[in-house]
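**Student:** Let me give you the structure first, and then I'll get to my questions.
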């Protein structure tokens, strides 16, 4: 394409959202976002796949391709901008897929190494559900550009609490360090959402144990910031699982101390770089790099924490980023569990009310005919549905031993 043809494209487009460098020293007269691209992408993407949601004229898609990306897909609901992006890709000689679709309809595109969703969340009515979906579509890094307290534009309308939050409160909140900011999610008069950095922090730390690191950078656009969400990548995940009071903690303690019997039962050598955590540890340890994880998991969590089922437990999001997954399930008869619960309760010098309530709930669950078997069946079904190799360990005698599934289910029936 010659210079005159490129100049014709520049004239035909009435307004430009992004500055894009073109041949013959030309560029589009939009906003220069090159500094943000440099912070988002490494210098060499080495064939990584990239999804650019709300791509507009395609600047970040082109920036990814310039950095040696593999598959690049740009999506937008604005047909005119998308048509321009397609024309510019031909000018630049870049093989990029540009598709007209909403952020609500991107799941079917599959999983990408990098997913960009810039300046979209404050335009939608259900950003929380969208963030969950985008995390699941991301293999390495999710990049979100988010409207902060103080964002005012014709696109989002005015906040009901405009004077309070966008007057002098907005600048005051934003001037605070992230650690001191309140966790606020504000809904404006058109049902759109603005989120402080602290709210995003709480959201990811409490909802996604599959996230390893969360970083914030300032946007080059006013009253916005970027959240860079890096996902964990586990080569191996092992669950040490079972109901409350079955002795998981003791198993884990012995594992950490190098007990040979437990190491052999779990086929796990601590010298090979394994880290051992509880579900609570995992939720409280963002930023901790983990490669091989042995996770102590209480299969009563949906009962005790009132999750509807295992699919809603944030701790279990960790399984989505593991290559090889094994679930070791500790089993014993219900009478053994009831006696263990009573033993633990009696060990408290002065049991608190919550300890009593929890113990009473567990004794009820374990004592009801068929309830314990139903609990195990539910957990086993979850593990198998999510690609775990399932193994069973009988802990009802002094010496724990590996047993078959048939024997395990008889033991808990």
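Numbering (the working numbering), first residue to last: 924 to 1336. By construction, the Cβ of each residue, glycine as well, lies at the ideal position given by its N, Cα and C atoms.
Please report the straight-line C-alpha distance between residue 1215 and residue 1151, rounded to a whole angstrom.
**Tutor:** Their backbone Cα atoms lie some 23 Å apart in a straight line.
**Student:** When the Cα of residue 1246 is compared with those of 1310, 967, 978, 1315, which residue comes out closest?
**Tutor:** Comparing Cα positions, the closest option is 1310.
**Student:** Can you give me the C-alpha to C-alpha distance between residue 1010 and residue 1149, rounded to a whole angstrom?
**Tutor:** Cα to Cα, residue 1010 sits roughly 29 Å from residue 1149.
**Student:** Thinking residue 1219 and residue 1175 are a contact (beta carbons under 8 Å), I'd like their distance in whole angstroms, please.
**Tutor:** About 5 Å; that satisfies the 8 Å criterion.
**Student:** So, is residue 948 buried or exposed, given that buried needs 16 or more other C-beta atoms within 10 angstroms?
**Tutor:** Per the 10 Å Cβ criterion, exposed.
**Student:** Could you check the C-alpha separation between residue 1184 and residue 1301 for me, to the nearest Å?
**Tutor:** When rounded, the distance between both Cα atoms is 28 Å.
**Student:** In this structure, what does DSSP give as the bridge partners for residue 1070?
**Tutor:** In DSSP, residue 1070 forms a bridge with 1147.
**Student:** Among 1043, 1049, 1052, 939, whose alpha-carbon lies nearest the alpha-carbon of residue 1066?
**Tutor:** Checking every option, the nearest Cα to that of residue 1066 belongs to 1043.
**Student:** Going by DSSP, which residues form a beta bridge with residue 1042?
**Tutor:** Its beta-bridge partners do not exist; DSSP assigns none.
**Student:** From the DSSP output, in three-state form, read off residue 1213 for me.
**Tutor:** Note: residue 1213 maps to coil in three-state DSSP.
**Student:** Using C-beta distances below 7 Å, list every residue in its chain close to residue 1236, excluding the 5 sequence neighbours before and after it, in chain order.
**Tutor:** Once the five neighbours on either side are set aside, the close Cβ partners of residue 1236 are 1224, 1225, 1230.
**Student:** What runs of the beta strand (DSSP E), each 3 residues or longer, lie entirely inside the segment 1209-1257?
**Tutor:** Listed in chain order, they are 1215-1221, 1245-1254.
**Student:** Given this structure, state the Cα-to-Cα distance separating residue 927 from residue 942, to the nearest angstrom.
**Tutor:** Looking at the two C-alpha atoms, the distance is approximately 19 Å.
**Student:** Taking its Cβ as the centre, do 16 or more other Cβ atoms sit within 10 Å of residue 1141, making it buried, or is it exposed?
**Tutor:** Flag for residue 1141 reads exposed.
**Student:** Just to confirm before moving on: does the CB-CB distance between residue 1039 and residue 975 stay below 8 Å?
**Tutor:** Cβ distance < 8 Å, so residue 1039 and residue 975 count as in contact.
**Student:** Assuming residue 1213 and residue 1198 make a contact with CB atoms under 8 Å, what is their CB distance in whole Å?
**Tutor:** Contact holds; Cβ gap of about 5 Å.
**Student:** Count the C-beta pairs between the segment 1114-1130 and the segment 1015-1025 that are closer than 8 Å, then say yes if the count reaches three, no if not.
**Tutor:** Contact fails: fewer than three Cβ-Cβ distances are below 8 Å.
**Student:** Does the Cβ-Cβ distance between residue 1132 and residue 1205 come in under 8 Å?
**Tutor:** Yes, the pair counts as a contact, with Cβ atoms nearer than the cut-off.
**Student:** Taking C-beta to C-beta, are residue 1161 and residue 1251 nearer than 8 Å?
**Tutor:** Yes. Within cutoff.
**Student:** Does the distance from the C-beta atom of residue 972 to that of residue 1035 stay below 8 Å?
**Tutor:** Going by C-beta atoms, residue 972 is nearer than 8 Å to residue 1035.
**Student:** When the Cα atoms are used, what is the spatial distance from residue 1211 to residue 936?
**Tutor:** The straight-line gap from Cα to Cα measures roughly 47 Å.
**Student:** Give the DSSP-derived three-state secondary structure of residue 942 in the structure shown.
**Tutor:** Coil at residue 942, not helix or strand.
**Student:** For the segment 979-1018, list the beta strand (DSSP E) runs that are entirely contained and at least 3 residues long, ordered along the chain.
**Tutor:** Whole beta strand (DSSP E) segments, 3+ residues: 995-999.
**Student:** What number of angstroms, rounded off, separates the C-alpha of residue 1270 from the C-alpha of residue 1263?
**Tutor:** One C-alpha to the other measures close to 11 Å.
**Student:** Distance check for residue 1143 and residue 930, CA to CA, integer angstroms please.
**Tutor:** Approximately 27 Å between the Cα atoms of the pair.
**Student:** Taking the alpha carbon of residue 1190 as the reference point, which residue from 953, 1325, 960, 1014 has its own alpha carbon closest?
**Tutor:** Here the closest residue by C-alpha is 1325.
**Student:** Suppose the cutoff is 8 Å on Cβ atoms and the five residues either side in sequence are ignored; what does the same chain contact list for residue 979 look like?
**Tutor:** Closer than 8 Å at Cβ, skipping near neighbours: 940, 941, 999, 1001, 1004, 1008.
**Student:** How many angstroms separate the CA atom of residue 1164 from the CA atom of residue 1054?
**Tutor:** Going from the Cα of residue 1164 to the Cα of residue 1054 covers about 29 Å.
**Student:** Which of helix, strand or coil does DSSP assign to residue 1318?
**Tutor:** Reduced to three states, the DSSP call for residue 1318 is coil.
**Student:** Count the other C-beta atoms from every protein chain shown that fall within 10 angstroms of the C-beta of residue 1321, then say buried if there are 16 or more, exposed otherwise.
**Tutor:** Classification of residue 1321: exposed, given that the 10 Å Cβ count is below 16.
**Student:** Buried or exposed for residue 981, please, with buried defined as at least 16 other CB atoms from any protein chain shown within 10 angstroms of its CB.
**Tutor:** The residue is buried, with at least 16 neighbouring Cβ atoms inside 10 Å.
**Student:** Contact criterion: CB-CB distance below 8 Å. Does residue 927 meet it with respect to chain B?
**Tutor:** Among the protein chains of the structure shown there is no chain B, as only one such chain exists.
**Student:** Where in the segment 1280-1333 do unbroken runs of the alpha helix (DSSP H), each at least 4 residues long, occur, reported from the N-terminal end onward?
**Tutor:** Those alpha helix (DSSP H) runs which fall completely within the segment 1280-1333 and span 4+ residues are 1294-1308.
**Student:** I'd like to know whether the C-beta atoms of residue 1047 and residue 1026 end up nearer to each other than 8 Å.
**Tutor:** Yes.
**Student:** Compute the Euclidean distance between the alpha carbons of residue 1063 and residue 1135, then round it to the nearest angstrom.
**Tutor:** Computed Cα separation, rounded: 10 Å.
**Student:** Determine the DSSP secondary structure at residue 926, reduced to helix, strand or coil.
**Tutor:** Residue 926: helix per DSSP, three-state reduction.
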